[in-house]
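In this text, residue positions in the sequence shown follow this note's numbering: the first is 8, and each later residue adds one.
Virtual Cβ for every residue (Gly too), placed ideally from N, Cα, C.
Keep in mind the model is a prediction, meaning the values are calculated, not measured.
Step one of this worksheet: look at the structure below.
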Amino acid sequence: WSEDHRVSVSTARSIAVLEQLSDVHSGGQEMVIHRTAVPAPSAACLLKVGPKKEVAECKEKFASSVDPTVSQTFMLDRVFNPEGKSLPPMRGFKYSSWSPLGCDANGRCLLAALTMDNRLTIHANLNRLQWVQLVDLTEIYGERLYEASYKLSKADTPRGELGDFSEFQRRHSMQTPVRMEWSGICTTQQVKHNNECRDVGSVLLAVLFENGNIAVWQFQLPFLGKESITSCNTIESGINSPSVLSWWEYEHNNRKMSGLIVGSAFGPVKILPVNLKAVKGYFTLRQPVVLWQEMDQLPVHSIKCIPLYHPYQKCSCSLVVAARGAYVFWCLLLISKAGLNVHNSHVTGLHSLPIVSMTADKQNGTVYTCSSDGKVRQLIPIFTDVALKFEHQLIKLSEVFGSVRTHGIAVSPCGAYLAVITTEGMTNGLHPVNKSYQVQFVTLKTFEEAAAQLLESSVQNLFRQVDLTDLVRWKILKDKHIPQFLQEALDKKIESCGSTYFWRFKLFLLRILYQSMQKAPSEVMWRPSHEDAKILVSDSPGMGSTEDDQEEGTSKQASKQSLCDTGKGMDIDDTADDSLPQSSDIGGREPMEEKLLEIQAQIEAVEMHLTREHMKRVLGEVYLHTWITENTSIPTRGVCDFLMSDDGYDDRTARVLIGHILKKMNKQTFPEHCSLCKEILPFTDRKQAVCSNGHIWLRCFLTYQSCQSLVYRRCLLHDSIARHPAPEDPEWIKRLLQGPCTFCDSPVF
Numbered sequence: 008w009s010e011d012h013r014v015s016v017s018t019a020r021s022i023a024v025l026e027q028l029s030d031v032h033s034g035g036q037e038m039v040i041h042r043t044a045v046p047a048p049s050a051a052c053l054l055k056v057g058p059k060k061e062v063a064e065c066k067e068k069f070a071s072s073v074d075p076t077v078s079q080t081f082m083l084d085r086v087f088n089p090e091g092k093s094l095p096p097m098r099g100f101k102y103s104s105w106s107p108l109g110c111d112a113n114g115r116c117l118l119a120a121l122t123m124d125n126r127l128t129i130h131a132n133l134n135r136l137q138w139v140q141l142v143d144l145t146e147i148y149g150e151r152l153y154e155a156s157y158k159l160s161k162a163d164t165p166r167g168e169l170g171d172f173s174e175f176q177r178r179h180s181m182q183t184p185v186r187m188e189w190s191g192i193c194t195t196q197q198v199k200h201n202n203e204c205r206d207v208g209s210v211l212l213a214v215l216f217e218n219g220n221i222a223v224w225q226f227q228l229p230f231l232g233k234e235s236i237t238s239c240n241t242i243e244s245g246i247n248s249p250s251v252l253s254w255w256e257y258e259h260n261n262r263k264m265s266g267l268i269v270g271s272a273f274g275p276v277k278i279l280p281v282n283l284k285a286v287k288g289y290f291t292l293r294q295p296v297v298l299w300q301e302m303d304q305l306p307v308h309s310i311k312c313i314p315l316y317h318p319y320q321k322c323s324c325s326l327v328v329a330a331r332g333a334y335v336f337w338c339l340l341l342i343s344k345a346g347l348n349v350h351n352s353h354v355t356g357l358h359s360l361p362i363v364s365m366t367a368d369k370q371n372g373t374v375y376t377c378s379s380d381g382k383v384r385q386l387i388p389i390f391t392d393v394a395l396k397f398e399h400q401l402i403k404l405s406e407v408f409g410s411v412r413t414h415g416i417a418v419s420p421c422g423a424y425l426a427v428i429t430t431e432g433m434t435n436g437l438h439p440v441n442k443s444y445q446v447q448f449v450t451l452k453t454f455e456e457a458a459a460q461l462l463e464s465s466v467q468n469l470f471r472q473v474d475l476t477d478l479v480r481w482k483i484l485k486d487k488h489i490p491q492f493l494q495e496a497l498d499k500k501i502e503s504c505g506s507t508y509f510w511r512f513k514l515f516l517l518r519i520l521y522q523s524m525q526k527a528p529s530e531v532m533w534r535p536s537h538e539d540a541k542i543l544v545s546d547s548p549g550m551g552s553t554e555d556d557q558e559e560g561t562s563k564q565a566s567k568q569s570l571c572d573t574g575k576g577m578d579i580d581d582t583a584d585d586s587l588p589q590s591s592d593i594g595g596r597e598p599m600e601e602k603l604l605e606i607q608a609q610i611e612a613v614e615m616h617l618t619r620e621h622m623k624r625v626l627g628e629v630y631l632h633t634w635i636t637e638n639t640s641i642p643t644r645g646v647c648d649f650l651m652s653d654d655g656y657d658d659r660t661a662r663v664l665i666g667h668i669l670k671k672m673n674k675q676t677f678p679e680h681c682s683l684c685k686e687i688l689p690f691t692d693r694k695q696a697v698c699s700n701g702h703i704w705l706r707c708f709l710t711y712q713s714c715q716s717l718v719y720r721r722c723l724l725h726d727s728i729a730r731h732p733a734p735e736d737p738e739w740i741k742r743l744l745q746g747p748c749t750f751c752d753s754p755v756f
């Protein structure tokens, strides 16, 4: 589950990506999911271990070898033979990993995908519904090894020839990915030619290979493709049969430290230092730290690292949890004056079968594990004077979904939902003949908990808390009113701090309330009406009156089940009972119409407040970055006049700012002109511009310029439109155009 609320599910044909939306334009109580897919490549991936002709000769030699230890090992190893021939093809994906938020061109998450035939690629969702492959890291890494003669450093002694089977295996093993994980975003300062400093963001991708080596790729942000690769460093971990890795990121005295946690299929777990000279402000360990050294043959399946605050030691700490067989291994890392303190232990008695998946809520440290028998355990860490202990409780999915087998779990970024992959379980002691894999969503929080978390959020971004806002949306649509405690608490927040985040939250609540008051249409909107008197198709013989099924679009409604009585229970009878009274007399409709008009007026008032606040920000950028007579493309005079046109709007900050800008402009207006008729475009509306000849152009909500082209961008919830950055735009305008929607915090496509 990514930070921008997309769930990736690896399958044999593709990676299914399910994006959760908190739709403000829909009155349905169901969870809204947009589904896209990253298709699996059709061609098999062949690792580059030498010249093509020499590789083909070696493969033929090994396949026809009289030594069965060579020929059978070669023929049965799918790394050597990904195309399969007589064996089934190795098609599909075995692992995927999401980058942090803010890595692609739209400020969203990148998706790293590892196929069954060991191809590692990075994909981006740039134009909303289509995924684009940006780079093939397997191909690039193979070329680097080929140029270096398959030596990690110049000091390495040359190995044997490719015709030697052990060397053939070594070259494949050193570039066969096992897992890959993204680091957090690190910001460095870059000095430009004019001695000006600018912040440059970068992100690291660690790739664990079959032989224990780790390649650490550094990418410059936003990541656009091969040209954004800054460096690639290879680390030798010294771990045999590596199975999993994770980033260890720790902040101590305002200094960020990082390392890589690597687990083995034989049992050991240790942290490796990552020395990157090119990254400024980056610190790591002096030497590897062994967290668990016993070769107890319990394979490490999954590792999660959770940053926490220690209430007794009054400092930050790291909790590392790893799934080992049916147990959970935990390790508490704490930096004190004495050095790095390590406390570790195992949590036993959780599952009777091995753990198949583990996920963690990084906000409160709660860990969730599941085994294939449909049982999920919730582990809550509780600090003690020395280390910590876990309280755990059992979540029986069979009570929610019936008899099921579980294959994977993931928790949403704010901990409101748990996504579970299930198939049918045993019925009367028999396994099902056919399996259908489904992604089920389970609520983990009540509405009251979600509302309180939104009010006290440090993120102050609605888009990054979609899972919480979806719970609030469901509650308002169900009850058809905003709870009194939430309304009062939000009004107090607005009065005390006046942050635009709380105004956007208020706008969200009002929009959902408006949708809950709307009368549901009696007919399906997409179905055409057959009220044509000329042709009576229904009277013709042989025509049955079959009802069409509704088409399945990109939006899918996923049913949500709850684990608690106060959670989100979907009941059809309740929905029918809560429907608005449809009175036939006019007197019954008037109060509802008045209520809708009142809510609409409140929505417009909040939208106008948010517009004015953003106008002030735009004018501030104009004042800071323009000279006296420079003709800026932003309609500065029009924005100033629009702000001052309302007599009831008395903002001293805005008046002072406008006074400074008008003094700088020196009576110059710089009006916009219609590209069709060259007439002046007056600034009378924040949403559109209309010239004297009636030509209508939509306005960009980020810069308030008129979008005089046929191509523009829209925010995720279709709230507003924005223009594309032009090559001649200065940096400060391009920076404004990178912002999210001013009404719903959604990214713009």
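Please report the distance separating the alpha-carbon of C722 from that of Q472.
The residue you call residue 722 lines up with position 715 of the sequence shown. The residue you call residue 472 lines up with position 465 of the sequence shown. Looking at the backbone, the Cα of C722 and that of Q472 are separated by about 16 Å.
Once DSSP output is grouped into helix, strand and coil, what is the label at R720?
Residue mapping note: residue 720 aligns to position 713 of the sequence shown, counting from 1. Assigned with DSSP and collapsed to three states, R720 falls in strand.
If distances are taken between C-alpha atoms only, which option among T676, V328, Y630, L118 comes closest to G645?
Along the sequence shown, read from residue 1 onward, the residue named residue 645 stands at position 638. Of the candidates T676, V328, Y630, L118, the one whose C-alpha sits nearest the C-alpha of G645 is T676.
Let me confirm a value: H358 is counted as buried when at least 16 other C-beta atoms fall within 10 Å, else exposed. Which label applies?
Mapped onto the sequence shown, residue 358 falls at position 351. Residue burial is scored here from C-beta neighbours: H358 has at least 16 other C-beta atoms within 10 angstroms and is therefore classed as buried.
Continuous alpha helix (DSSP H) stretch holding L516: start and end
Walking along the sequence shown from the start, residue 516 turns up at place 509. Start and end: 507-524.
By DSSP's criteria, W739 is part of a beta bridge. Which residues make up the other side?
The residue you call residue 739 lines up with position 732 of the sequence shown. For W739, DSSP assigns no beta-bridge partner whatsoever.
State the DSSP-derived secondary structure class of H632, mapped to helix, strand or coil.
The residue given as residue 632 occupies position 625 in the sequence shown. For H632, the three-state secondary structure derived from DSSP is helix.
What does DSSP give as the partner residues of H259 in its beta bridges?
Your numbering for residue 259 matches position 252 in the sequence shown. For H259, the beta-bridge partners assigned by DSSP are R262.
Indicate the three-state DSSP secondary structure (helix, strand or coil) for A63 in the structure shown.
Mapped onto the sequence shown, residue 63 falls at position 56. Helix, per DSSP.
Looking only at its chain, what residues have a beta carbon closer than 7 Å to the beta carbon of H179, apart from the 5 residues adjacent to it on each side?
Walking along the sequence shown from the start, residue 179 turns up at place 172. Correct list, in chain order: L54, V56, V86, F87.
I'd like the list of long-range same chain contacts for T355, defined as Cβ closer than 6 Å, with 5 residues on each side in sequence excluded.
What you label residue 355 is simply residue 348 of the sequence shown in a count that begins at 1. Contacts found: Y334.
Between E301 and E243, what straight-line distance do the alpha-carbon atoms span, to the nearest angstrom?
For the purposes of this step, residue 301 is taken as residue 294 along the sequence shown, with counting starting at 1. For the purposes of this step, residue 243 is taken as residue 236 along the sequence shown, with counting starting at 1. Approximately 20 Å between the Cα atoms of the pair.
In this structure, how does DSSP classify M577 when only helix, strand and coil are distinguished?
As a first step, residue 577 must be located in the sequence shown, where it is residue number 570. Because the pLDDT of M577 is 39, which lies under 50, any placement of that residue in the model is unreliable, and the question is left without a value.
Given a cut-off of 8 Å on the beta-carbon distance, is the pair C421 and Q370 in contact?
Position 414 of the sequence shown, counted from the start, is the residue given in the question as residue 421. Position 363 of the sequence shown, counted from the start, is the residue given in the question as residue 370. Yes.
Compare the Cα-Cα distances from A417 to each of Y375, E455, Q491 and report the closest residue.
Position 410 of the sequence shown holds residue 417. The option with the nearest alpha carbon to A417 is Y375.
Using a Cβ-Cβ cutoff of less than 7 Å, which residues in the same chain neighbour E217 once the five nearest sequence positions on both sides are dropped?
Within the sequence shown, the letter at position 210 stands for residue 217. S180, T183, V185.
Using only alpha-carbon positions, find the residue among S103, W481, F172, H621 that is nearest to L127.
Residue numbering aside, residue 127 sits at position 120 when the sequence shown is read from its first letter. Ranking the options by Cα distance to L127, first place goes to S103.
Rounded to the nearest angstrom, what separates K575 and G109 at their Cα positions?
Looking up residue 575 in the sequence shown gives position 568. Looking up residue 109 in the sequence shown gives position 102. Its pLDDT being 42, under 50, K575 is placed unreliably by the model, and the measurement read from it follows with that caveat. Whole-angstrom Cα-Cα distance: 31 Å.
For K277: DSSP bridge partner residues
Counted from its first residue, the sequence shown places residue 277 at position 270. In the DSSP output, where bridge partners are listed per residue, K277 has V269, V297.
Could you please give me the residues that DSSP links to E679 through a beta bridge?
Position 672 of the sequence shown, counted from the start, is the residue given in the question as residue 679. Under DSSP, the beta-bridge partners assigned to E679 are L688.
Tell me which same chain residues have a C-beta within less than 8 Å of the C-beta of V198, skipping the five on either side of it?
Your numbering for residue 198 matches position 191 in the sequence shown. Hits under 8 Å: C204.
In the structure shown, what three-state DSSP assignment does V354 receive?
Within the sequence shown, residue 354 is the residue found at index 347, counting from 1. DSSP places V354 in strand when its eight states are reduced to three.
What do you reckon, are the CB atoms on L743 and L709 nearer than 8 Å?
Reading the sequence shown from its first residue, position 736 is the one you call residue 743. Reading the sequence shown from its first residue, position 702 is the one you call residue 709. Yes, Cβ-Cβ distance for L743 and L709 is below 8 Å.
CA-to-CA distance, V14 to K759, given in whole angstroms:
The question about residue 759 has no answer, for the chain in this structure spans 8 to 756.
So, at 8 Å on beta carbons, what are the nonlocal neighbours of L570 in its own chain, with the 5 sequence-adjacent residues on each side left out?
Indexing the sequence shown from 1 puts residue 570 at position 563. In this predicted model, L570 has a pLDDT of only 44, less than 50, meaning its place in the structure is not dependable; the value taken from the coordinates is given anyway. Excluding sequence neighbours, L570 sits near I402, V407, V449, T450, L451.
C-alpha distance - H399 paired with A50, whole-angstrom precision
Sequence index remark: in the sequence shown, residue 399 carries index 392 (1-based). Sequence index remark: in the sequence shown, residue 50 carries index 43 (1-based). Roughly 46 Å separates the two Cα atoms.
Assuming the contact rule is C-beta atoms closer than 8 Å, S190 and E256 should be a hit. Round their C-beta distance to whole Å, please.
In the sequence shown, residue 190 corresponds to position 183, counting from 1. In the sequence shown, residue 256 corresponds to position 249, counting from 1. Taking a contact as a CB-CB distance under 8 Å, the pair S190 and E256 counts as one, their CB atoms being some 7 Å apart.
On a CA-only basis, which of K161, C751, Q294, G208 is nearest I728? Give me that one, please.
Counted from its first residue, the sequence shown places residue 728 at position 721. Of K161, C751, Q294, G208, the residue nearest in Cα terms is C751.
Suppose contacts are defined by Cβ-Cβ distances below 8 Å. Is P737 in contact with H667 by that definition?
Within the sequence shown, the letter at position 730 stands for residue 737. Within the sequence shown, the letter at position 660 stands for residue 667. In this structure, H667 does not lie closer than 8 Å to P737 by Cβ.
Proximity below 8 Å, CB of D111 to CB of F230:
Here residue 111 corresponds to residue number 104 of the sequence shown, with the count starting at 1. Here residue 230 corresponds to residue number 223 of the sequence shown, with the count starting at 1. It is a contact, given that the beta carbons lie within the stated cut-off.
Within this structure, are the beta carbons of L136 and T76 separated by less than 8 Å?
In the sequence shown, residue 136 corresponds to position 129, counting from 1. In the sequence shown, residue 76 corresponds to position 69, counting from 1. Contact: no.
For R166, which of helix, strand or coil comes out of DSSP?
For the purposes of this step, residue 166 is taken as residue 159 along the sequence shown, with counting starting at 1. Residue state, collapsed to three classes: coil.
Answer yes or no: do K487 and S523 have a C-beta to C-beta separation smaller than 8 Å?
Position 480 of the sequence shown holds residue 487. Position 516 of the sequence shown holds residue 523. It is a contact, given that the beta carbons lie within the stated cut-off.
C-alpha distance - R177 paired with L28, whole-angstrom precision:
Looking up residue 177 in the sequence shown gives position 170. Looking up residue 28 in the sequence shown gives position 21. Going by the C-alpha atoms only, they are around 47 Å apart.
Using a 10 Å radius around the Cβ and a threshold of 16 neighbouring Cβ atoms, would you call P249 buried or exposed?
Counted from its first residue, the sequence shown places residue 249 at position 242. Burial call: buried.
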